[in-house]
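Here our numbering is used: the first residue of the sequence shown is 10, the next is one more, and so on.
Remarks on the structure that follows.
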Amino acid sequence: MWRGIHERLYLYESDVEKFTLKKSNLYDMVFIDSYDGDDIFSRKLWDADSSFLNALKSRLHTREQHCCGETSDYEAFSPHPSVS
Numbered sequence: 010m011w012r013g014i015h016e017r018l019y020l021y022e023s024d025v026e027k028f029t030l031k032k033s034n035l036y037d038m039v040f041i042d043s044y045d046g047d048d049i050f051s052r053k054l055w056d057a058d059s060s061f062l063n064a065l066k067s068r069l070h071t072r073e074q075h076c077c078g079e080t081s082d083y084e085a086f087s088p089h090p091s092v093s
């Protein structure tokens, strides 16, 4: 089913805007975990005129462009820290 996709998956932990502006690689799919601890989704990640989104458009493979952002607060589903 996965046909070698595991060898092509990479995980980067960094500031997404700085990373996107600095790199020139093409990607098939981008997942963004944008939770900042204060439950604030930065405007630069969704503003259509932001340098981040413009850079991201040029980094996604033209055939299939997918960008997924995670913005939910885990406490909404699990209000107690001891519950995972």
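Idealized CB from N, CA, C, for every residue including glycine.
CB of residue i within 7 angstroms of CB of residue j, strictly
i: T29; j: L65; result: yes
i: F50; j: S43; result: yes
Nearest-angstrom Cβ-Cβ length linking residue i and residue j, presumed shorter than 8 angstroms
i: F61; j: E16; result: In fact, because the Cβ distance is near 28 angstroms, the residues do not count as touching under 8 angstroms.
i: L54; j: I41; result: 7 angstroms
First through last residue of the beta strand (DSSP E) which encompasses residue i
i: F28; result: Unbroken run through F28 is the alpha helix (DSSP H), V25 to K31; no beta strand (DSSP E).
i: F40; result: M38 to D42
Rounded straight-line distance, which links the Cα of residue j to that of residue i
i: G13; j: M38; result: 16 angstroms
i: D24; j: L35; result: 18 angstroms
i: D56; j: K32; result: 20 angstroms
i: N63; j: R52; result: 14 angstroms
i: E22; j: S67; result: 20 angstroms
Span of the alpha helix (DSSP H) around residue i
i: F61; result: S60 to R68
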